[in-house]
Every structure is written in structure tokens, then in C-alpha cells.
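The block underneath contains the structure these notes are about, expressed in C-alpha cells.
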Amino acid sequence: MEHRRLSRRRLLGVSLGGVGGALLGLSGCGASSGSASAGTDHLSLWYWKGSLSDKLLATARRGVPGRAGLRVRGSQIPDGDIDSKVRTSLAARAYVPDITVANSDNLATFFPDEHEFLDLRELGAEKVRDRYLDWKWKSCFTPSGRMIGFPLDAGPTALYYRRDLFEQAGLAYEPADIAEAVPTWEKFIAAGKGLRAKAPGKPYLVSNIGNVFQQILLQSTRQFVDADNRFIGDQEHVRRAWDISVEILRQGLSARITDGTPDYNAAMSGSRVGTMTTAVWAVNSLKESAPKTSGAWRLTTMPDGPGNYGGSYMTLTRYCRDPEAGFAFLTWLLSPENQLRSYQEMSLFPTTPVVYADPAMRTPDPFFGGQRPIDVFGPAARKAPVVYFSPYEESANTPFFQELTNVEMLGKNPGRAWRDAVNTAETTVSRLGVS
Amino acid sequence: MATVLDPTGAPAAEERRPDRRSRSTAPGGRRRHVPPLLAISPFYVLFAVFGAFPVVFSLYLSFQDWDGIGEMRFVGLEQYGWLLEDSVFWHSVLNTFEIWFLSTVPMLFLALVLAFLLHSQVRFTGAYRVAYFIPNVTSMVAMTIVFGSVFAQSGLANSALRAIGMDGIGWLSSEWGIKSSVSLMIIWRWVGYNALIFLAGLQAIPTEHFEAARVDGANSWQTLFRVVVPQLRPVILFAAITSTINGLQIFTESQVLFQSDDVGTTGGPGQEGMTIVLYLWQKAFKEHQFGYGAAMGWLLFAIIAVFTIINWRLVSGSDRDEGRPGLAGLLRRKGARDGR
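Printed below as a string of C-alpha cells:
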């Protein structure tokens, strides 16, 4: 009994000491340096699974080649948590990673707090500028002209289509022919009518109209809020995207299925949808959700021309213990040679166009019947427009996507839905200081 | 704490000392209370850091405009004013109540029936108890995949409906389909938990009552509604109150059911699955409007407080005064009338 009581008391003492020590440790570290790597011999990097090459990160952990003594240790943060974790650490000014990965639609949300990140021009970014796609480079800049992001990967878009269904419907069916026969969204709708009328099983043209709306918008240089912080979501470029999307629905060409659901997988593998308007990174999920359709898909230029959908950035936070070394790591990890390796290992589409001609990128893909995807995605990546994304993009565009869903799924009157979307978006962004 | 750490020796401390000793009630002084206080301090420290501080800070936040990183800007009651004009917020309030009603009422009834069945003599009761409780501790990620398939257009639920000759329902694409599927997930998750609480209450009812009922020739339904329900009243009210508090904070079910890769939709078509907490999460953590989210949290608190007070009045009202018209009192009087 005596022994047990003693040990329990000791246990309490030890645990109390532990809590106290941890609290002291927390305040102590926070005060000395905000970096998560303070007191270690490496730089810390936060990324999510699939955003960076695991092999290259393993190398960087042992030592970045060509830079003696530089080690970078990556920590995998779940996809959905990384944004709030980065924000939390920045707000706390403690345990901030030296280097982070930021999603395409996330980089802009940091613009109001741009000074939390280092201006990469001051570290010599201009010297490597000609390696990278022009529009991607430009998108790394805040409206005030600071460069807070560094190009990671790109998301060039293409029209994915079922060659077999197009052929059976008596339409043009080779990639080059379709690029010629379907140069605009209007022609796209016309092709869809033929597909629905004549192809076996009456396939739909698209899975849902939200995807089309998104792609038409991304072909425009302007989105919902411009660089002068004005709401432009009620203007012609958005209205046109809306009208074309609604027309597709009105013609009965949409399967009205949400992407990523079991119904979507069933429709794709069951040949009930004839095309997909999306980016290069959708290839793998398509292969997974519809393996039976392998060989039937082809890629061609998007109607009205290519755009960019997604793709990430890397940033250095202002707490970075060694900015020079951090930047050296970025230029090493995202050099053309290593982007090529990341493409081969992780399917991350390079932002360094010089490698598009590399034999390793020009391998034919049997899923696309032996077509070389790079023949479509390469030119698309070069030609994507320079788009300005505002920090308030998500607040401004959510009502439009929501109302479009209401029109598609619940049969809401499109005119009323448009007015509701404009009103909700205007009210929401006006509260965020957008005029 | 100060008395322990105070290094004695300073003349002022020397003077205060006798006074201090006279106030202490036992030899050893206050020092005696320090070890137990220290022993229970982990709870208070953790509660202060992870409980009390966030509550107070969120109240402070609700008067600010803050994106989570930069400078805060004091805006007074502006966030609350905007919230009262926000049609999406009121829609989410309505949704929350509809889903709460659709889930809680059948769930409590089902839990009661289950508890009654478990309480009677059946084989493998232990296994059943475990089985009914498992949904409550199942990972939500796994649930997403399963329920996504169940409620898909060509999913299990619609296949079952078609098998008995009915038309399929747009479980995730129509107003009441969405509310029903969210409610079904809530029922699935919480029915076992509440059944266990009811079972604990049942086991406290003396067996003589059941025996007397049996002697009087009552069948199972009569036993359930004439013997069990009246005796279980406090337990049922406890379950009703906790279910109300939980039900008004519905979040995960809606979030996982309508989480797709698409941008810009939350809560499904027509935002029919948008609940108060889901909207809070969207505004605060997706759109980085922490002040707005905090204000929403406090309005939700006010709504829950009102309901808890109503519940409490209904319970305590009937206990204080038999003649006072409360829900419980009404039930009891009706029961007495029926019994005659």
C-alpha cells in the first residue's frame, strides 16, 4: 500500500512538472523566435500529401545538393488543415514554418497580410524568372507588387472527351478535328445536342454545369473582384459564363451530378457523360473512377481556348530563420530538372516550360488511346491568361456557384437566381471593404 | 500561492505573519491546502487555456473585424447587425430546427423502444448494447463514404425503395431529401447512446412495478407507456435537453455529405443542409471572417440558452407546484385521467 501511494504521488508530481515545463517551454520558444525550426539544424517545411515530391524531400532532409549544411525537414499537414494551421501559427507568432505550400486559391487570401511573407525579389528571384511560365510568375505578386509566392505546379485545362461516343454520333472525333469543329462554347453546345441525340445510350455532354461556369470564368482575365478592390461579378464576363452554363442545362445536356460522388463515378464508368472540362490534375481521378473506359478518352483544346485551373505556390514566411537558404531550397526543388522528376513521380505539372519537350514528358498514355497528353496540356500551359484573384474571391463567387446549383438541382428560375446571386455577393463583399 | 513562495525575512512579512497564522484554522496554515490544490490544478489550467479563454476571447472577437492574422478593427455591434440581416443565416437557423425536429423526435422514441427491448429478457443483450453504441464512436470519414453511397441517386436507399415498387428520392438533391438524409445520419449515430441512457434509467425502476403490471395483465406496450414512460420522466427530460443542445449544433453530417471538390457550394442544393454551425465554420474558417463567426457563435448560444430555459421551466415548474400548467404536469394529469 505504502509503495503504491508513494508511486502515485510521484506520478502526480512528475505529470505536474511536465505540464509546468511544457507551459514554460511554450512561452520560452515563442519569445525567442517565431520559427518552428528554432534551435535545430534544419529549416521546417509544411506541405500536404501529394503537393511535393517525397523523393526530393527525402534528399532535402539529408542535405540540399549544392548547398552545404542546408537541410529541410518537411512535415505533412492534412490537406484541409494546412491553411488554418498556417494562419494560427502566424497569428500566434510562434511555431511558424520557415517554408509553406499554398494552394492556388489560397495565396490571394494572404494578400491583406502580405508582410507575413518574404518578398522573394529581394532574395534574387528575378534571376530565375525566365525559367517559369509568365502568367504563373505574375500571379505570385500581391497588388502592391511584392512577390510572396514561388511557382510550384500548374493546372492547364483541356477538353476531355469520349472519342468512341463522338464517332458513333457522327461528329468529328479526332483531337485535331474537334479543336477545329468546336472552337467556341456555342459549338460545344451544338456538338452536345448531336451526342445526346445520336450516340448510344444518349450520353450527356457534361456532368454538371458548375464545371463549365468555372472554366469559362478562368478563360477571362477578370474574375469577381478586380485589383482595385471593386466588385465586378455582375458584369458581362460573368453573365456570359452564366448564360452558356444555363443554356447547357436548358438543352438537357447536363447529367446534373456532383463531381466526386458515387453517382459521378457510376456515370463516368457507365459512359453516360461524353466530356469533361477540367485541368490536367483530373487525369488520375478519372483513371481511378472509370478504369473501364480506358483507351476511349481523348484530349483536345478547350472551347474558346485554354486556361489554368489550380496549381500551387511555395512561400517563405517572415519568420524564416535563413531566407537565403530558404530561397536556395525553392530554386533547387522547383528547378526545371526537379519539376520534371516531380512530374514523373507525383504527376505535378511543371511550371517550367523548357521541360515540356523532354522525352520523359512526351510518353503516350494508353488511357488516352496512345495520345501524348503534353501535346494538349503543354500549349495550354503556355497560353493560359494572366488572371487576378482577389483575397475575397471565395466570398464573392460562392453565391454564384450556389445559385447555379439551385438552378440545376432544384429548378430555380435562372433570372431570379442570377439576381439573388448578385445581391448576396454584393452585400457580402461590401462588408469586407470591397466597393 | 504567494504565501508559499514568499521568502520570509523582510520586516513587513515578519509583521504580517502572526496575523496570518491566527486566520489559519489548523496547524501548518494555508500551506496545508497547497498539495491538494496543486493536484487538481491540471484541470483548471487546461480548462482556463482551452475552455475559458476561448469563450471570453470569442466574445471579444465578435465586436472586431479580423481575418485571423492582421490587425483587429473594433466595429462595435456591426457584426451582429449584419447577421440579423443575413438571409443565409436565418435560412440556416430554420434548417437547423427542421433537422433537429426530424431527427430528435424519432431518435428519442426509437431509443426508448430499444432500451425497453434490451431491458427485457433477450439473448446476447451485451452484444446488442455494444452494437447499438458502436455508431457513436465510428469515424466520421468512414461514415461519409458509407452514407454517400447509401444516399446516392443509384445508391442503397433508392435501390431499396425501387425494390418495393416506389420511385427513387433525390436524397441529396431535394429539400426534404437533404433534411431526411442528414436526420437519418443523426438518428443512426445517437440512437444507441440515448438507448443506453434510457436503459440505465430502466434498470433503476423496481422490478415489483413490472411484476405488478404483469399480474394485472398488462401487455408489453401497456407496460412501456403506463409503467416505464412515467417512471423514466426525469431521464427522458435529460435526454431531450442534451439532444436539443447537441441537435442545435449539427455540423459534421451536413459538412461531410456535401463536401465535394467543387468550389462554392455549402450545405447542398438550395443550402437546405446548411446549419448554423456549418455557416459559422464557412464564414470563420473558409472565408476568414472571424468576427462574423464569433458573433454567430454567440447568437447560437443565445438560442440554445432560450431553449434550455424553456426546458428547465417545464421541468422545475411541475416539480414546484403540482397545479401549475407545465408540459410535464399536463402529461401527468392526462396519465392520471387515463388511468382512472
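Chain order of the listed sequences is A and B. To get this note's numbering, take the position in the first sequence, counting from 1, and add 236. To get this note's numbering, take the position in the second sequence, counting from 1, and add 21. The C-beta atom is built at its ideal place from N, Cα and C for all residues, glycine as well. Note that the structure is a prediction, hence the values are computed from the model and not measured.
| message | Just to confirm my understanding: we take A:V670, look at its own chain, exclude 5 residues before and 5 after, and list those with CB closer than 8 Å. What are they? | response | V461, N465, R466, F467, S626, Y628, A632
| If you drop the 5 nearest sequence neighbours on each side, which residues of the same chain put their C-beta closer than 6 Å to that of A:F585? | D389, A390, V516
| said: Measuring straight from C-alpha to C-alpha, what distance separates B:E293 and B:V76? | reply: 29 Å
| Contact list for B:K307 against chain A, beta-carbon separation under 8 Å | E630
| request: Determine the chain B residues that contact A:D470 at a beta-carbon separation under 8 Å, and present them in chain order. | output: Per Cβ cutoff of 8 Å: no residues; A:D470 is ~16 Å from chain B at best.
| Per-residue DSSP class, three states only, for B:A236 | Checking the sequence, you will find Val at residue 236 of chain B rather than Ala. If DSSP states are grouped into helix, strand and coil, B:V236 belongs with the helices.
| task | State yes or no: is the beta carbon of A:A502 nearer than 7 Å to at least one beta carbon in chain B? | result | It does; some Cβ of chain B falls within 7 Å.
| message | Taking its Cβ as the centre, do 16 or more other Cβ atoms sit within 10 Å of A:A267, making it buried, or is it exposed? | response | In this prediction, A:A267 scores a pLDDT of 40, lower than 50, which makes its location untrustworthy; the coordinate-derived value is nonetheless stated afterwards. Classification of A:A267: exposed, given that the 10 Å Cβ count is below 16.
| field | For B:K307 and A:R323, the rounded distance between their alpha carbons | value | When only Cα atoms are considered, A:R323 and B:K307 end up about 12 Å apart.
| query | Are the Cβ atoms of A:M645 and B:S194 separated by less than 7 Å? | reply | A contact, by the Cβ cut-off of 7 Å.
| Can A:A620 and A:P539 be called in contact, C-beta distance under 7 Å? | no
| said: Any beta carbon of chain A sitting closer than 7 Å to that of B:Q276? | reply: no
| request: Compare the beta carbon distance of A:F353 and A:I313 with 7 Å and say whether it is the shorter of the two. | output: no
| said: Going by beta-carbon coordinates alone, are A:L485 and A:I452 separated by less than 7 Å? | reply: no
| Residue range of the beta strand (DSSP E) that A:I335 falls in? | 335-338
| query | Quick one: is B:S113 near chain A, going by C-beta distance under 7 Å? | reply | no
| Beta-carbon proximity list for B:A221, same chain, < 8 Å, skipping 5 on both sides | V256
| query | Any Cβ of chain B within less than 7 Å of the Cβ of A:P348? | reply | yes
| Does any C-beta atom of chain A lie closer than 7 Å to the C-beta of B:F246? | no
| task | Determine which residues of the stretch 79-93 of chain B have a Cβ less than 8 Å from any Cβ of chain A, and write them out in chain order. | result | Those would be D88, G89, I90, G91, in chain order.
| query | With a Cβ-Cβ cutoff of 7 Å, do A:V658 and A:D470 count as a contact? | reply | yes
| query | By Cβ distance, which residues of its chain are closer than 7 Å to A:Y368, with the 5 residues on each side in sequence left out? | reply | P387, T587, T588
| For the 8 Å Cβ check, are there 3 or more pairs between the stretch 267-286 of chain A and the stretch 340-354 of chain A? | no
| query | Any idea which residues DSSP pairs A:G551 with across the strands? | reply | The question names Gly, but residue 551 of chain A is Thr in the sequence shown. Beta-bridge pairing links A:T551 to A:T336.
| Applying a beta-carbon distance threshold of less than 9 Å, which residues of chain B neighbour A:N642? | Going along chain B in sequence order, the residues near A:N642 (Cβ under 9 Å) are P290, G291, Q292.
| message | Which residue marks the beginning of the alpha helix (DSSP H) containing A:G543, and which one marks its end? | response | Going by DSSP, A:G543 is part of no alpha helix (DSSP H) at all; its letter is neither H nor E.
| said: Once the 5 residues before and after A:A564 are set aside, which same chain residues still bring their CB inside 6 Å of it? | reply: Within the same chain, A:A564 has close Cβ partners R303.
| Per-residue contacts from B:A173 into chain A (C-beta, under 8 Å) | By Cβ distance, chain A contributes T497, P498, D499, A502.
| request: Using the DSSP secondary-structure output, state which residues sit across from A:Q312 in a beta bridge. | output: A:Y283
| request: Determine, using beta carbons only, whether A:M550 comes closer than 7 Å to chain B. | output: no
| query | Is the Cβ of B:S170 closer than 7 Å to any Cβ of chain A? | reply | Taking 7 Å as the threshold, the shortest C-beta distance from B:S170 to chain A falls below it.
| Looking at the C-beta of A:L326, does it have a partner C-beta in chain B at a distance below 7 Å? | yes
| Taking 6 Å as the line, does the beta carbon of B:F328 fall inside it for any heavy atom of the ligand COA? | The ligand COA is not among the ligands present in this structure, which contains no ligands whatsoever.
| Three-state class that DSSP yields for A:D370 in the structure shown | helix
| query | Quick one: what's got a C-beta closer than 7 Å to B:P156's C-beta in the same chain, skipping five residues either side? | reply | W209, R210, G213
| said: Counting only C-beta atoms, is A:E362 closer than 7 Å to chain B at any point? | reply: no
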